[in-house]
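For any residue, its number in my numbering is found by taking its place in the sequence shown, counting from 1, and adding 6. For glycine and all other residues, C-beta sits at the position ideal for the given N, C-alpha and C.
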Amino acid sequence: MTDPTPVFSEPPALAADAVSKRYGATAALAGASLFVRPGEVHGLVGANGAGKSTLIKILSGSEQQDSGRLRLGAWSGAALTPRTAQARGLETIYQDLSLAPSLDAVANVILGQEHSRLGMLRSRRQRHEALGIFARLGFRADPKEPVNRLSPADQQLVAIARAIYRRASVALMDEPTSSLGVAERARLLDIVRELSRDGVAVVYISHDLEEVLAVADRVTVLRDGRTVDTVAAGQLTPDDLVLRMVGGAFERLRRTSGTAGDVALELRGIGRHGRLTDVDLRLCRGEIVGLTGLVGSGRTQLANVLAGLHPTTTGEMTVDGTPYRPRTPGDALRAGVVVVPEDRKRDSLLMDLPCTHTVMLARPESRLGILRGRSERTATQRLLDRLHVKPASPAATPRAMSGGNQQKVSIAKALQARPRVVVLDEPGQGVDIGAKQQILHAIREIARNGCAVLMISSELQDLVPVVDRLLVMRRGRITGELAAAEIDEHRVLELAVTGAQSPAGRDEDPTHVQ
Numbered sequence: 007m008t009d010p011t012p013v014f015s016e017p018p019a020l021a022a023d024a025v026s027k028r029y030g031a032t033a034a035l036a037g038a039s040l041f042v043r044p045g046e047v048h049g050l051v052g053a054n055g056a057g058k059s060t061l062i063k064i065l066s067g068s069e070q071q072d073s074g075r076l077r078l079g080a081w082s083g084a085a086l087t088p089r090t091a092q093a094r095g096l097e098t099i100y101q102d103l104s105l106a107p108s109l110d111a112v113a114n115v116i117l118g119q120e121h122s123r124l125g126m127l128r129s130r131r132q133r134h135e136a137l138g139i140f141a142r143l144g145f146r147a148d149p150k151e152p153v154n155r156l157s158p159a160d161q162q163l164v165a166i167a168r169a170i171y172r173r174a175s176v177a178l179m180d181e182p183t184s185s186l187g188v189a190e191r192a193r194l195l196d197i198v199r200e201l202s203r204d205g206v207a208v209v210y211i212s213h214d215l216e217e218v219l220a221v222a223d224r225v226t227v228l229r230d231g232r233t234v235d236t237v238a239a240g241q242l243t244p245d246d247l248v249l250r251m252v253g254g255a256f257e258r259l260r261r262t263s264g265t266a267g268d269v270a271l272e273l274r275g276i277g278r279h280g281r282l283t284d285v286d287l288r289l290c291r292g293e294i295v296g297l298t299g300l301v302g303s304g305r306t307q308l309a310n311v312l313a314g315l316h317p318t319t320t321g322e323m324t325v326d327g328t329p330y331r332p333r334t335p336g337d338a339l340r341a342g343v344v345v346v347p348e349d350r351k352r353d354s355l356l357m358d359l360p361c362t363h364t365v366m367l368a369r370p371e372s373r374l375g376i377l378r379g380r381s382e383r384t385a386t387q388r389l390l391d392r393l394h395v396k397p398a399s400p401a402a403t404p405r406a407m408s409g410g411n412q413q414k415v416s417i418a419k420a421l422q423a424r425p426r427v428v429v430l431d432e433p434g435q436g437v438d439i440g441a442k443q444q445i446l447h448a449i450r451e452i453a454r455n456g457c458a459v460l461m462i463s464s465e466l467q468d469l470v471p472v473v474d475r476l477l478v479m480r481r482g483r484i485t486g487e488l489a490a491a492e493i494d495e496h497r498v499l500e501l502a503v504t505g506a507q508s509p510a511g512r513d514e515d516p517t518h519v520q
């Protein structure tokens, strides 16, 4: 099934031949190769630490390889620079999108491409062209709105519009759907297919293997810095890819029911300025409750309320029967409520400091981040080992880790707080399937140790193996609850989209929270 075509034997849109890269004693790439044909969607997959991010950095010119050769269209050589890559038609759409947050959508598209005459910008024609691209992409937001006020889905469209505006012949897309809901993901995959039909070669990096197989023509698998296989997507299943990624047999996590104890967290009639409406929720010790819904349904708003980031306007909350109304994350921490946030890099991790600093910030007795040496390092080491973090060193920085290991450090920070209630917002986002299984095992262990767990996710396949109950949100309110045995995609989608469940007779949610 392996594609036998050697690199550079036919004109590629983009290719890498025997590329190696070391960071000190660590070999990030060890002779990796990639061959992307013009106009194809080429999936790139691998476990965390396989070398995907390093290869993308080298192909985009932001890193230089130690050995190996590259080719981009008619250009070939030992190393690219970002300027050369862009001039030759390569655009990289990173997970963080690299947009100018205070500028509007149109300005972000034409930024750096402004044409001038006698110092005067020809912005009217350029803005008209950018608006035409937005119309083609189905962009429904206000293009005059600063991008930091746009949804993640709309920000993703701005980044894609920028690549189209720059006449990209190759687009590298790194986890493009990681912050999107079901409908937004489907639309983005349609756009990727449209780019391919227009002759743009797309390198598509994602941990969602079903998504990769749905959109890609061929898939290249990396393992331990090496290219393992390049195979036609139609010849593969997700399990086939997993076997290539991990290099052996793989056992999927199977759900086992937990035993619920006393009520740890209760919400009654919680509301917040039209974002949340009449939310009732009860979590018991030892229980894992899932929470899902479409983008904008209120999931993260609820997490922020529990974390003490947003005040409520109506309703009551209790923790172990004691009134709970946190005004800051510190209040939440002292009450025994810990939230593992969706954006771990921005909201949880100290990216350039040793892991010990991040983990110990959550200790209830911590003062001003002052650490006490050996005991803190020992405690951090114990948690890193327990969660199978690599590298398992308290001195390692999160920035040097893969996404999955960064998430484990964020969970270690939560556990160090000795919580009563743990809220995890999108714990599987940007995490490969192997690390995801370890994280789900860790979540089960947290519940077995007596914590109440609320797991928020847009990925139903992450929730099904671990939750005891599933709550569905729509427009700021909880529209339904399903026992573990009742969960299926159709019923969840009904509740998320319409607020109603079949059979007829269950009323649709009449509330329209904006």
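> Does the segment 80-91 come close enough to the segment 58-70 that 3 or more CB-CB pairs lie under 8 Å?
Replying inline: Short answer: they touch.
> Rounded to a whole number of angstroms, what is the C-alpha to C-alpha distance between ARG173 and LEU201?
Replying inline: Straight-line Cα distance between these residues: approximately 11 Å.
> Of the residues ASP353, ASP337, ARG224 and VAL325, which one's Cα is nearest the Cα of ARG288?
Replying inline: Of the listed residues, the one whose Cα sits closest to ARG288 is VAL325.
> Does the Cβ-Cβ distance between ARG480 and ALA502 come in under 8 Å?
Replying inline: Against a cut-off of 8 Å, the Cβ pair of ALA502 and ARG480 comes out as a contact.
>> Between which residues of its own chain and ILE493 is the CB-CB distance below 7 Å, once the five residues before and five after are set aside?
In response: For ILE493, where only same-chain residues beyond five positions count, the Cβ hits under 7 Å are VAL470 and LEU476.
> What's the gap between the Cα of GLU322 and the Cα of ARG426?
Replying inline: Distance from the CA atom of GLU322 to the CA atom of ARG426, rounded to whole angstroms, is 18 Å.
>> Assuming GLU382 is part of the alpha helix (DSSP H), what are its boundary residues?
In response: First-last of the alpha helix (DSSP H) with GLU382: 380-392.
> Nearest to VAL234 by alpha carbon, out of ALA106, ALA38 and THR32?
Replying inline: The option with the nearest alpha carbon to VAL234 is ALA38.
>> Give me, in chain order, the residues of the same chain whose beta-carbon lies closer than 8 Å to that of ALA106; leave out the 5 immediate sequence neighbours on both sides.
In response: Non-local C-beta neighbours of ALA106 in its own chain, meaning closer than 8 Å and more than five positions away in sequence, comprise ALA113, ASN114, LEU117 and VAL153, ordered along the chain.
> Is it true that the CB of PRO332 sits closer than 8 Å to the CB of CYS361?
Replying inline: No; because the gap between Cβ atoms is not below 8 Å, this pair is not in contact.
> Count the other CB atoms within 10 Å of the CB of HIS363; is the residue buried (16 or more) or exposed (fewer)?
Replying inline: Burial state of HIS363 is buried, judged by a 10 Å Cβ sphere holding 16 or more other Cβ atoms.
>> Classify PRO17: buried if its beta carbon has 16 or more other beta carbons within 10 angstroms, exposed otherwise.
In response: So PRO17 ends up on the exposed side.
>> By the three-class DSSP mapping on this structure, what secondary structure does SER73 have?
In response: Strand, per DSSP.
> Thinking just about the alpha-carbon of each residue, which of LEU389, SER408, LYS414 and VAL47 is nearest to the one in ALA238?
Replying inline: Among LEU389, SER408, LYS414 and VAL47, the Cα nearest to that of ALA238 belongs to VAL47.
>> Would GLY52 and LEU228 qualify as a contact pair, given that the criterion is a beta-carbon distance under 8 Å?
In response: Here GLY52 is near LEU228, since their CB atoms are less than 8 Å apart.
> Whose C-beta lies closer than 7 Å to the C-beta of ARG383 among residues of the same chain, with five residues either side of it excluded?
Replying inline: Annotation for ARG383: THR362 and PRO400 place their beta carbon closer than 7 Å to its own, counting only its chain and skipping 5 residues before and after.
> Which full runs of the beta strand (DSSP E) of 3+ residues lie inside the segment 183-259, going along the chain?
Replying inline: Listed in chain order, the beta strand (DSSP E) runs fully inside the segment 183-259 are 207-211, 224-229 and 232-238, counting runs of at least 3 residues.
>> In the DSSP assignment, the alpha helix (DSSP H) including HIS134 goes from what residue to what residue?
In response: Start and end: 129-143.
> Got a sec? Which residues, its chain only, sit under 7 Å from ALA19 by beta carbon, not counting five neighbours each side?
Replying inline: Closer than 7 Å at the Cβ level, and outside the excluded window around ALA19, lie VAL42, ARG43, PRO44, GLY79, SER175, VAL176 and ALA207.
> Anyone know if the C-beta pair for LEU247 and MET461 falls short of 8 Å?
Replying inline: No. Outside cutoff.
> Where SER212 and VAL198 are concerned, what is the direct C-alpha to C-alpha distance, given to the nearest angstrom?
Replying inline: Roughly 13 Å between the two C-alpha positions.
> Exposed or buried, HIS496, counting other C-beta atoms within 10 Å across all chains shown (16 or more means buried)?
Replying inline: Exposed, by the Cβ-count rule.
> Straight-line CA distance for THR226 to VAL218?
Replying inline: Those two C-alpha atoms are separated by around 11 Å.
> Between which two residues does the alpha helix (DSSP H) carrying LYS63 extend?
Replying inline: Residues 58-66.
> Between MET366 and THR386, which are expected to be in contact by the criterion C-beta below 8 Å, what is the C-beta distance as a whole number of angstroms?
Replying inline: The beta-carbon distance between MET366 and THR386, rounded to whole angstroms, is 7 Å. This is short enough to meet the 8 Å contact definition.
>> Please report the straight-line C-alpha distance between GLU465 and GLN435, rounded to a whole angstrom.
In response: GLU465 and GLN435: Cα-Cα distance of roughly 9 Å.
>> Please report the distance separating the alpha-carbon of VAL311 from that of ALA93.
In response: Rounded to whole angstroms, VAL311 to ALA93 spans 46 Å at the Cα level.
> When the distance is taken between beta carbons, is ARG28 closer than 8 Å to ALA22?
Replying inline: No. Outside cutoff.
> For VAL467, which option in ILE439, ALA420 and THR485 has the closest C-alpha, if you only look at C-alpha atoms?
Replying inline: One detail in the question is off: residue 467 reads as Gln in this sequence, not Val. For the residues ILE439, ALA420 and THR485, the minimum Cα distance to GLN467 belongs to ILE439.
> What are the boundary residues of the alpha helix (DSSP H) that includes LEU501?
Replying inline: Its alpha helix (DSSP H) spans residues 495-503.
> In three-state DSSP terms, what is ARG155?
Replying inline: Note: ARG155 maps to helix in three-state DSSP.
> For CYS457, which three-state DSSP category applies?
Replying inline: DSSP places CYS457 in coil when its eight states are reduced to three.
> Roughly how many angstroms separate the alpha carbons of GLU500 and ARG274, rounded to a whole number?
Replying inline: Computed Cα separation, rounded: 24 Å.
>> With the cut-off set at 8 Å, would you say GLU348 and THR318 are in Cβ contact?
In response: Result no, Cβ atoms of GLU348 and THR318 do not sit closer than 8 Å.
> Going by the CB atoms, is the gap between LEU143 and ALA167 shorter than 8 Å?
Replying inline: Yes.
> Distance, Cα to Cα, ILE99 vs THR60?
Replying inline: When rounded, the separation of the alpha-carbon atoms in ILE99 and THR60 is 15 Å.
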